[in-house]
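Using this note's numbering, you'd call the opening residue of the sequence shown number 2 and step up by one each time.
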Amino acid sequence: MSQVRVRFAPSPTGFFHIGSARTALFNWLYARHTEGTFVLRIEDTDKERNSEPFLKVIYDSLTWLGLNWDEGPGKGGAFGPYRQSERGEIYQAYLQKLKDADRIYEKDGAIWFRLLGERYEVYDEHRQKTVTKVRTAPTVITDRIRGHVERVEDEDFVIIRSDGNPVFHFVNVVDDIAMQITHVIRGEDHLSNTSKHVELFKAFGAPVPEFAHIPLILKQNGPGKMSKRDQGALVEEYQRRGFLPDALVNFLCLLGWNPGDDREKMPMEEIVRLFDLPGVNQSNARFDEKKLAHMNMVYLLELPPGEFLARSRDYFEQQGVSDALTADEAYFREVMLLSQPKIKGFEELPAYTAYFFTAEFPIDEKVKAKVMAKGEPKTRLSEVLALVPGMDLSSDEAIENTIKNLAESSGQGFGAYQSIIRLALTGTNVGPSITGIIRVLGRDKVRQRLEQFLQTL
Ligand code: GLU
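In structure tokens:
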């Protein structure tokens, strides 16, 4: 194990956002890459805005994504407790350190952090009042992604509010010191806080960690940062829709990082091996839901059959699709494996496979009108029906040969049979291969459905 200690420090004030997931992921990747420690710390000092259900969403989403933490809630560790709401005594002790160093004072009921330097008064146009400024040298931030950043921090700031609640800057820095965090990897929106944080680290006489500010995620359409309200922004939404967590993680890796070439689907071990902070882009990354859907499809295709099956069943259970769940297990398996190469995500499965599990499937009237308008579909169907009792159903090839022979002897194309058979068996013109459908439905269902359909003509 190396000395590297990173942390993901969410505030449970809302649902778990794609941007938060990516910050967690980059921390996790860096910890695994360096064989360091990944700490989960909950920043819940703001009693009014935090809620337990949101906390659960954080734990569940991280677990679902496979971003296991080495220290933190539910896991323990030598630097706990890992929820800021339980660390009051630690903050008192650190406040005392600042007091002993003469770096705090009280004003208007709040406790302020005092910067070092000569003070002067100036009228601030923007705030329309006279403010006290401090003559300071710029604060230097060494950022592993953005390089050398300088910011001027020239006003004292509050660290404990008049209601006694500590301010984010204070507890965030105290915990990074107390938890011996070596690298602070977080969203670029925090860059404006970092100079304050650096000044606090210095006031405590603590080593300043390395920083890495990750570029923002831009919304799919239009300018601006992706927000919690944007479509596709919440992690749990993907979980509910049956996305594969590995696919989502792979996609998130590429939001601001690349392996140095144009590879996209990559095994996690490979990403862990290659991931490094200087490799993170400085420019913002644009969220692209189509790319995510495609990544999910690529992962789906490669899923071993057993796993595809288990996950399909989970999805049907979650959705309460009883027809499929009460079907014969071997039959369910055949239907799922026939569909695996055809779907983009589990959310398509119930509708895509519905007609396999019920005889009362709807007939798409538009498709029907089109199919019935060409050739002599009724005759074609009767010819097929006559062959069904003796048809070799042992493989797709055998079925294909039967229909091909029939097509040849009648002088019709294969297509003329295909569309009418599909309509009679499924009610639509899309789906898996017609030979696969016949094989999986089996002789009895095929005969019944063809007969039934013929009667309606
Ligand atoms: N609680 C802060 C947030 O959720 C953490 C910032 C940090 O990583 O330092 O944005």
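Every residue gets a Cβ at the ideal spot worked out from N, C-alpha and C, and that includes glycine.
inquiry  = Taking 7 Å as the cut-off, is the C-beta of Val236 nearer than that to any heavy atom in the ligand GLU?
reply    = no
ask   = Do Ala179 and the ligand GLU come close, with the Cβ less than 7 Å from some heavy atom?
value = Ala179 Cβ: outside cutoff for every heavy atom of the ligand GLU.
inquiry  = Using a Cβ-Cβ cutoff of less than 8 Å, which residues in the same chain neighbour Glu156 once the five nearest sequence positions on both sides are dropped?
reply    = Leu116, Val132, Thr133, Lys134 and Val135
message = Would Val40 and Tyr95 be called neighbours here (beta carbons separated by less than 8 Å)?
response = no
inquiry  = Going by C-alpha to C-alpha distance, which of Gln283, Val322, Phe244 and Ala79 sits closest to Lys292?
reply    = Phe244
query = Say the cut is 7 Å; is the CB of Pro11 nearer than that to a heavy atom of the ligand GLU?
reply = yes
inquiry  = Give me the residue from Trp65, Pro11, Trp29 and Arg33 with the minimum Cα distance to Arg50.
reply    = Pro11
ask   = Under three-state DSSP, which class holds Ala374?
value = coil
key: Distance cut-off 7 Å: Glu44 Cβ against heavy atoms of the ligand GLU   = yes
task = With Val159 as the anchor, note down where its alpha helix (DSSP H) starts and where it stops.
result = Here Val159 belongs to no alpha helix (DSSP H); instead the beta strand (DSSP E) covers Phe158 to Ile161.
message = Cutting at 6 Å between CB atoms, please list the residues of its own chain near Lys345, excluding the five before and the five after it.
response = Ala294 and Met298
key: Closest residue to Ile161 among Glu107, Phe212, Lys203 and Pro210 (Cα-Cα distance)   = Answer by Cα proximity: Glu107.
ask   = Helix, strand or coil for Lys57 per DSSP?
value = helix
query = Going along the chain, which unbroken runs of the alpha helix (DSSP H) with 4 or more residues stay wholly within the region 294–344?
reply = Runs of the alpha helix (DSSP H) inside the region 294–344: 306–320, 323–326 and 330–340.
Between the CA atoms of Asn402 and Ser395 - distance to the nearest angstrom = Whole-angstrom Cα-Cα distance: 12 Å.
inquiry  = Going by beta-carbon coordinates alone, are Leu301 and Leu66 separated by less than 8 Å?
reply    = no
Buried or exposed (CB count within 10 angstroms, at least 16 for buried), Asp45 = The residue in question, Asp45, is buried, as its Cβ has 16 or more Cβ neighbours within 10 Å.
key: Nearest candidate by alpha-carbon position, reference Arg185, set Ala25, Thr427 and Gln453   = At residue 185 the sequence reads Val, which differs from the Arg that was named. Cα-wise, what sits closest to Val185 is Ala25.
key: CA nearest to the CA of Glu237, picked from Ser383, Gly20, Pro342 and Leu99   = Gly20
Extent of the continuous alpha helix (DSSP H) to which Ala213 belongs = Segment Glu211 to Ile215 is the beta strand (DSSP E) holding Ala213; no alpha helix (DSSP H) there.
inquiry  = Between which residues of its own chain and Phe358 is the CB-CB distance below 7 Å, once the five residues before and five after are set aside?
reply    = The beta carbon of Phe358 lies closer than 7 Å to those of Asp324, Ala325 and Ala328 in the same chain, with the five residues before and after it left out.
message = Let me check you understand the geometry: is the CB of Asn173 closer than 7 Å to at least one non-hydrogen atom of the ligand GLU?
response = yes
ask   = Quick one, which of Phe16, Met2, Thr38 and Ser3 has its alpha-carbon nearest Phe9's?
value = Thr38
ask   = What is the rounded straight-line gap between the Cα of Asn69 and the Cα of Val172?
value = Between Asn69 and Val172, the C-alpha separation is close to 24 Å.
message = Could you check if Val199 belongs to the surroundings of the ligand GLU, using beta carbon to heavy atom distance under 7 Å?
response = no
For Pro139 and Val153, believed in contact at Cβ under 8 Å, the rounded distance = 5 Å
key: When Met392, Gly443, Glu377 and Ala399 are compared against Tyr418, the one with the closest alpha-carbon   = For the residues Met392, Gly443, Glu377 and Ala399, the minimum Cα distance to Tyr418 belongs to Glu377.
inquiry  = Are there any heavy atoms of the ligand GLU lying less than 7 Å away from the beta-carbon of Val185, as far as the coordinates show?
reply    = Correct: Val185 has its Cβ closer than 7 Å to the ligand GLU.
ask   = Going along the chain, which unbroken runs of the beta strand (DSSP E) with 3 or more residues stay wholly within the region 10–73?
value = 38–41
ask   = Which residue or residues does DSSP assign as beta-bridge partners of Ile142?
value = Val150
inquiry  = My output table needs one value for Glu384: the three-state DSSP class, helix, strand or coil.
reply    = Residue state for Glu384 is assigned as helix, using DSSP reduced to three classes.
inquiry  = Taking 7 Å as the cut-off, is the beta-carbon of His191 closer than that to any non-hydrogen atom of the ligand GLU?
reply    = yes
task = Give the DSSP-derived three-state secondary structure of Ile355 in the structure shown.
result = Contrary to the premise, residue 355 reads as Ala rather than Ile in this sequence. In this structure, Ala355 counts as helix in the three-state DSSP scheme.
Beta-carbon spacing of Gly428, Tyr353 below 8 Å = Against a cut-off of 8 Å, the Cβ pair of Tyr353 and Gly428 comes out as no contact.
message = For a test of the three-state rule: what should DSSP assign to Ala94, helix, strand or coil?
response = helix
Backbone CA spacing between Gly416 and Leu382 [nearest angstrom] = 12 Å
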